[in-house]
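So for the sequence shown, this note's numbering puts the first residue at 248; every next one is plus one. Where is the CB? At the ideal position from N, CA and C, for every residue including glycine. Below is one structure, written out as structure tokens; the observations come after it.
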Amino acid sequence: MRRLKEKMRQLDPWLLVPYLLLCAIGIVMVYSASAAIRMQTGGSPTAYLFKQTIYVLLGVSGALLIANMNLNVFRDARLLGYSALALLGSLIFVKGFGAAVNGAQGWINLGIISIQPAEVVKFYLVIYLANHFANYDEHPEASHQHMYTRPALLTGALLFLIVIQPDTGGMAINAAIAFVIFLAGATAWKIGSLILSSALAVIMIGLPLASNWIIDHWSGSYKAARFVAYMNPFGTKNGAGAQLVNSYYAISNGGLTGAGLGNSIQKMGYLPEPNTDFILAVIAEELGFVAVALILVLLAILVCRIIILGARTNEMYEGLLCYGVATFLAVETAFNVGGVSGLLPITGVTLPFISYGGSSMLVLSASLGLILNVSRRQKERAALAKLEGEMAHV
248 MRRLKEKMRQ LDPWLLVPYL LLCAIGIVMV YSASAAIRMQ TGGSPTAYLF
298 KQTIYVLLGV SGALLIANMN LNVFRDARLL GYSALALLGS LIFVKGFGAA
348 VNGAQGWINL GIISIQPAEV VKFYLVIYLA NHFANYDEHP EASHQHMYTR
398 PALLTGALLF LIVIQPDTGG MAINAAIAFV IFLAGATAWK IGSLILSSAL
448 AVIMIGLPLA SNWIIDHWSG SYKAARFVAY MNPFGTKNGA GAQLVNSYYA
498 ISNGGLTGAG LGNSIQKMGY LPEPNTDFIL AVIAEELGFV AVALILVLLA
548 ILVCRIIILG ARTNEMYEGL LCYGVATFLA VETAFNVGGV SGLLPITGVT
598 LPFISYGGSS MLVLSASLGL ILNVSRRQKE RAALAKLEGE MAHV
């Protein structure tokens with residue numbers, strides 16, 4: 248018990264406090280955004296509140312568990328290999344048999360909970376790619392022949408299986424995570440050639456495939472309608488643009504301090520997914536710009552703290568974990584805020600730690616647990632170095 252208390256004291260408050268505050272805000276706002284709609288449809292007004300509370304408790308427990316684990320557990324080659332096979336298999340399964348939500352066939356329905364494999368891929372890519380490049384850094388004598396080809400092939404396969412669901416938001420976030428870790432893990436003299444070869448690959452292979460995919464599969468589809476709505480929301484306000492226009496109304500109604508908790512008008516059947524994709528619009532309407540700014544500041548503190556931890560470590564594995572998780576959080580936040588505000592097309596990406604959802608909460612919490620672990624290890628090394636310095640002067 249004493250040792251556990253000591254480990255808890257080592258947890259980074261710059262990570263733990265914003266994380267817990269965001270989770271608490273999320274529980275309150277998920278209830279506010281969903282209760283009235285559930286009552287109108289004859290359901291329990293506390294159904295989503297209960298589920299989100301369970302997800303948060305599981306997520307926090309998982310984060311604290313990972314924070315105090317041996318980080319090398321996630322570097323086990325067999326674990327990473329079997330996990331890759333499981334993810335590839337689950338992504339293939341959901342394409343054929345998965346539950347469809349908003350045009351994307353990406354969920355495995357297990358009754359009491361639905362699992363979204365594309366969310367788990369985010370966590371997997373962070374630990375897999377960080378371990379892969381760290382191994383080459385720790386063993387410079389090893390052959391570098393397959394340093395990029397093997398992770399590129401696996402990452403490409405995972406991204407392809409995500410985009411054909413189609414889940415463009417999930418694909419883009421996973422691609423961003425992979426790109427940043429590839430770039431950070433590359434040796435300095437190879438960075439230029441890596442960027443150039445990647446750009447050429449996109450131009451020569453990606454664009455023709457993307458064009459054919461858009462023509463064959465997106466014409467008149469839900470995703471195409473979202474893009475048209477992004478370009479001209481008020482021109483399609485009675486159709487695909489309705490969700491973005493209603494988001495504008497919600498933000499406008501809220502003003503600086505909001506209409507009051509529970510007093511959103513737009514959540515009453517006007518905003519789609521008011522407790523997930525558009526929960527930030529509900530927050531803006533009920534609690535105003537002040538609350539939105541607070542949430543964004545808390546997320547910014549997390550991202551900045553994670554980057555600082557990555558920059559100050561001498562361990563490549565720890566640094567790559569930090570850069571991967573920081574990218575995950577930053578890009579997911581940008582996509583959600585951009586979609587709600589009309590700065591970016593709507594991609595169905597949730598707001599980290601705020602939106603309703605089990606897969607998202609558990610994966611984000613596990614990812615933050617990795618960084619809490621990194622921070623704890625850095626503190627332990629600093630304390631040991633200080634002790635050794637004091638002993639040397641005795």
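query                                                                                                                                                          : result
Using 9 Å as the threshold, is the C-beta distance between Leu-401 and Met-418 below it?                                                                       : no
Grouping DSSP H, G and I as helix and E and B as strand, with all else coil, what is Ile-362?                                                                  : strand
Report the CB separation of Leu-503 from Ile-428 in whole angstroms; it is logged as a contact under 8 Å.                                                      : Going by Cβ atoms, the distance from Leu-503 to Ile-428 rounds to 40 Å, so no, they are not a contact pair.
Classify Lys-369 as buried or exposed, calling it buried when 16 or more other Cβ atoms lie within 10 Å of its own Cβ.                                         : buried
Give me the residue from Ser-291, Leu-258, Ala-630 with the minimum Cα distance to Met-316.                                                                    : Leu-258
Residue range of the alpha helix (DSSP H) that Val-544 falls in?                                                                                               : 526-559
Just list the residues that DSSP pairs Gln-412 with in beta bridges.                                                                                           : Note: Gln-412 sits in no beta bridge, so no partner.
Going by beta carbon distance, what residues of the same chain come within less than 8 Å of Leu-543, once the five residues before and after it are set aside? : Thr-580, Val-584
Since Cys-569 and Ile-548 are thought to touch, with beta carbons under 8 Å apart, how far apart are those beta carbons, to the nearest angstrom?              : Going by Cβ atoms, the distance from Cys-569 to Ile-548 rounds to 14 Å, so no, they are not a contact pair.
Using a 10 Å radius around the Cβ and a threshold of 16 neighbouring Cβ atoms, would you call Gly-605 buried or exposed?                                       : buried
Determine the closest residue to Val-341 out of Ile-355, Asn-493, Lys-633, Asn-561, with distance taken between C-alpha atoms.                                 : Ile-355
Would you kindly report the start and end of the unbroken alpha helix (DSSP H) that includes Asn-319?                                                          : Here Asn-319 belongs to no alpha helix (DSSP H), and DSSP marks it neither H nor E.
Should Ala-396 go down as buried or exposed, given a rule of 16 or more other Cβ atoms within 10 Å for buried?                                                 : One point to set straight first is that residue 396 is Thr, not Ala, in the sequence displayed. Thr-396 comes out exposed.
For Ala-283 versus Arg-322, is the C-beta distance shorter than 9 Å?                                                                                           : no
Alpha carbon to alpha carbon, what distance is there between Leu-615 and Val-550?                                                                              : 10 Å
Quick one: measure Cβ to Cβ for Ser-622 and Leu-262, integer angstroms, because I've assumed they're closer than 8 Å.                                          : 6 Å
Could you compute how far the alpha carbon of Gly-416 sits from the alpha carbon of Thr-594?                                                                   : 5 Å
Could you tell me the distance, in whole angstroms, from the CA atom of Leu-545 to the CA atom of Thr-523?                                                     : 19 Å
In this structure, how does DSSP classify Gln-299 when only helix, strand and coil are distinguished?                                                          : helix
Between Ile-313 and Glu-635, what straight-line distance do the alpha-carbon atoms span, to the nearest angstrom?                                              : 28 Å
Check the C-beta distance from Leu-269 over to Phe-600 and give it rounded, since I have them as a contact under 8 Å.                                          : 4 Å
To which residues does DSSP link Ile-593 through a beta bridge?                                                                                                : In the DSSP output, where bridge partners are listed per residue, Ile-593 has none listed.
For a test of the three-state rule: what should DSSP assign to Ile-339, helix, strand or coil?                                                                 : helix
Considering only the alpha carbon of each residue, which of Ile-339, Gly-309, Ile-274, Ala-310 lies closest to Thr-293?                                        : Ile-274
Just list the residues that DSSP pairs Gln-257 with in beta bridges.                                                                                           : DSSP output for Gln-257 lists no bridge partner at all.
Determine the extent of the alpha helix (DSSP H) in which Ile-498 is found, giving its start and end residues.                                                 : 489-501
In or out: Ala-271 buried (at least 16 other Cβ within 10 Å) or exposed?                                                                                       : exposed
Do Ile-424 and Thr-574 come within 9 Å of each other at the CB atom, strictly closer than that value?                                                          : yes
Please state if the CB of Ser-281 and the CB of Leu-296 are separated by a distance shorter than 9 Å.                                                          : yes
Whole angstroms is fine: what's the gap from Leu-518's alpha carbon to Gly-509's?                                                                              : 15 Å
Taking just the CA atoms, how far does Lys-626 sit from Lys-633?                                                                                               : 11 Å
Can you look up Gly-516 in the DSSP assignment and give me helix, strand or coil?                                                                              : coil
If you draw a straight line from the C-alpha of Met-286 to the C-alpha of Tyr-278, how long is it?                                                             : 12 Å
Quick test of your reading: Gly-501 and Glu-532, contact by CB under 8 Å. State the CB separation rounded to the nearest angstrom.                             : 4 Å
Given a cut-off of 9 Å on the beta-carbon distance, is the pair Asp-414 and Gly-353 in contact?                                                                : yes
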